[in-house]
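Inspection log for the structure reproduced underneath, given as structure tokens.
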Amino acid sequence: VRGVVTGAAGFIGSALCIELQKAHDVLGVDSFEGILYPSEVKRQNASDLESLGVLIEELDLRHADLGPMLDGADAVVHLAALPGLVPSWTHYDEYLSCNVLGTLRLVETAVSAGVTRFIHGS
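Spelled out as structure tokens, the structure:
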């Protein structure tokens with residue numbers, strides 16, 4: 554089984570990747586944006602994951618070509634999002650773009666790629 558985890562360098566994503574890689578091939582993707590969760594911490598998490606055998610790719614779901622990362626994927630666990638309620642009030646367009654439109658792009662691409670399992674954490 555090959556799984557793709559979005560938001561892989563975040564708190565929950567990195568913990569999930571550690572467990573999944575014990576039995577599956579895992580590609581972790583993250584934009585490494587650091588609104589509430591510092592970019593430096595996310596980059597360290599990614600480095601730790603790579604040392605365990607998790608493939609890490611930096612990309613933004615809003616703009617990247619998502620097809621290649623889903624080639625051969627059996628499952629997607631979508632954890633990528635800009636977190637926090639209060640920042641969303643002042644950065645509404647960015648939150649809408651990332652959390653809603655980025656998710657929509659990912660779902661549409663996953664369906665087109667034939668991914669049969671899609672888990673969205675919120």
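Our numbering applies: residue 554 is where the sequence shown begins, and numbers increase by one.
We put the beta carbon where it would ideally sit given N, CA and C, even for glycine.
Asked, Found
"Enclosing alpha helix (DSSP H) for isoleucine 571 [first to last residue]", "564–573"
"C-beta contact flag for aspartate 583 and glycine 560 at 8 angstroms", "yes"
"Option in Gly606, His644, Arg615 with minimal Cα separation from alanine 526", "Examination of residue 526 is not possible in this model, given that the chain is present from 554 through 675 alone."
"Buried/exposed call for alanine 599, threshold 16 Cβ in 10 Å", "buried"
"Straight-line gap, threonine 669 to valine 629 (C-alpha atoms, nearest Å)", "9 angstroms"
"Pairwise C-alpha distance: methionine 622 and glutamine 574", "17 angstroms"
"Close beta carbons around serine 650, own chain, < 6 angstroms, minus the five adjacent residues each side", "Arg615"
"For arginine 670, the three-state DSSP class (helix, strand or coil)", "strand"
"Buried versus exposed, by CB contacts within 10 Å (16 or more), glycine 566", "buried"
"As assigned by DSSP and simplified to three states, the class of lysine 617", "The residue asked about is misnamed: residue 617 is alanine in this sequence, not lysine. Alanine 617: coil per DSSP, three-state reduction."
"6 angstroms Cβ shell around glycine 681 - same chain, five flanking residues per side excluded", "The requested residue 681 does not occur in the structure, where the chain is confined to residues 554 to 675."
"Proximity to alanine 568 [Cα-Cα], best of Ala634, Glu586, Leu602", "Leu602"
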